[in-house]
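Since the structure comes first, as structure tokens, the remarks are kept for the end.
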Amino acid sequence: MKTRSILLVEDNPQDEMLTIRSLNKINLANEVNVVRDGQQALDYLFGEGEFANRAGAELPAVVLLDIGLPRFSGLEVLERLRKDERTRLLPIAILTSSDEEIDRMKSYEMGANSFVRKPLDFAEFAETVARMGIYWLATNEPPPKG
Numbered sequence: 525m526k527t528r529s530i531l532l533v534e535d536n537p538q539d540e541m542l543t544i545r546s547l548n549k550i551n552l553a554n555e556v557n558v559v560r561d562g563q564q565a566l567d568y569l570f571g572e573g574e575f576a577n578r579a580g581a582e583l584p585a586v587v588l589l590d591i592g593l594p595r596f597s598g599l600e601v602l603e604r605l606r607k608d609e610r611t612r613l614l615p616i617a618i619l620t621s622s623d624e625e626i627d628r629m630k631s632y633e634m635g636a637n638s639f640v641r642k643p644l645d646f647a648e649f650a651e652t653v654a655r656m657g658i659y660w661l662a663t664n665e666p667p668p669k670g
């Protein structure tokens with residue numbers, strides 16, 4: 525069975541480190557690729573710009589997408605991904621510190637598959653990320669390749 529990857533879109537270095545450590549601890553993903561802003565996320569997924577060498581590459585099993593990103597917000601990235609046939613069905617889980625009801629509503633209205641608030645407690649954060657990894661990489665059945 526081919527190991528599926530995760531794309532983490534996160535601009536906070538501490539959250540990035542903790543997320544990667546939590547995912548590595550459960551040994552589900554061979555690869556956790558990280559981009560730090562909305563433009564990098566789009567370039568990575570569409571194989572453009574600095575990621576042109578990825579053109580035609582397999583998409584990750586899931587995108588863990590923060591909302592508060594530089595260049596393009598997570599919601600702008602989500603909107604663009606849902607409008608493109610190549611990424612329309614790509615599983616996208618919002619992983620954010622936002623507790624705003626409007627962010628949760630907009631995320632779901634725009635096609636997010638999940639909305640998870642980052643716990644403030646270190647141990648809770650690690651456990652939440654581990655559960656997400658298990659769900660998206662081991663439990664969830666991805667959409668068929670079209």
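By the numbering used here, the letter at position 101 of the sequence shown is numbered 625, and the numbering carries on one by one without gaps. Note that beta-carbon positions come from the ideal geometry of N, C-alpha and C, so glycine has one too. Fair warning: this is a prediction, and the values are worked out from it, not measured in the lab.
Length of the line joining the Cα atoms of residue i and residue j
i	j	result
residue 578	residue 648	34 Å
residue 493	residue 540	Not covered by the structure: residue 493. The range shown for the chain is 525 to 670.
residue 671	residue 645	Not covered by the structure: residue 671. The range shown for the chain is 525 to 670.
residue 631	residue 616	10 Å
residue 660	residue 586	7 Å
residue 622	residue 576	32 Å
residue 669	residue 655	25 Å
Of the residues the options, the one placed nearest residue i, counting alpha carbons only
i	options	result
residue 564	626, 537, 595 and 661	595
residue 557	544, 623, 551 and 657	544
Cβ neighbour criterion (16 or more within 10 Å) applied to residue i
i	result
residue 561	buried
residue 584	buried
residue 590	buried
residue 626	exposed
residue 657	buried
residue 580	exposed
Close Cβ partners of residue i (< 6 Å) along its chain, the five nearest in sequence each way excluded
i	result
residue 573	567
residue 618	589, 631, 636 and 639
Neighbourhood of residue i by C-beta distance below 7 Å, restricted to the same chain and skipping five residues each side
i	result
residue 525	Only weak support is given to the placement of residue 525: the predicted model assigns it a pLDDT of 46, under 50, and the question is left unresolved by the model.
In DSSP terms, what residue i is bridged to
i	result
residue 639	618
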